[in-house]
Amino acid sequence: MEENKYLLAMMVAKRAKQLQNGAKALVKPKHKKAVLIALQEINEGKVYLKNTSSLEKSEKHKKKEEIKTTEELFKENSV
12 MEENKYLLAM MVAKRAKQLQ NGAKALVKPK HKKAVLIALQ EINEGKVYLK
62 NTSSLEKSEK HKKKEEIKTT EELFKENSV
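Structure representation (structure tokens):
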């Protein structure tokens, strides 16, 4: 985790989103908020990072898709 200070934040955000979308908690939750449950899961070793390069590629792909969508919106509005 020390190599990249943003990995923990990315892991928590991704897992919290999964929990909000209906994924079951892997621990007995001490909290109701998805972010806190995700932190608890990571702290207890139930959720861990498999491959940082695939996570980074996924984030880059999402950003590219967002840029394409934004560009399409600008094109539609300028017509």
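If you number the sequence shown the way the working numbering does, the last residue is 90 and the count never jumps. Virtual Cβ for every residue (Gly too), placed ideally from N, Cα, C. Treat the numbers as computed from the prediction; the structure is a model and nothing was measured.
### Query
CB-CB under 7 angstroms to A45, same chain, minus the five flanking residues each way: which ones, in chain order?
Here A45 has A27, L30, Q31 as same chain residues with Cβ atoms under 7 angstroms from its own Cβ, once five neighbours each way along the sequence are excluded.
### Task
Just the C-alpha distance for F85 and Y17, rounded to the nearest angstrom, thanks.
31 angstroms
### Task
Drop a sphere of 10 angstroms on the beta-carbon of K78, count the other beta-carbons inside from all chains shown, and report buried for 16 or more, exposed for fewer.
The sequence shown places Ile at residue 78, rather than the Lys named in the question. That one is exposed.
### Query
Which residues bound the alpha helix (DSSP H) around N54?
45-54
### Query
Which residues in the same chain have their Cβ closer than 8 angstroms to the Cβ of I53, if we skip the five residues on either side of it in sequence?
L19, M22, V23, R26, Y59
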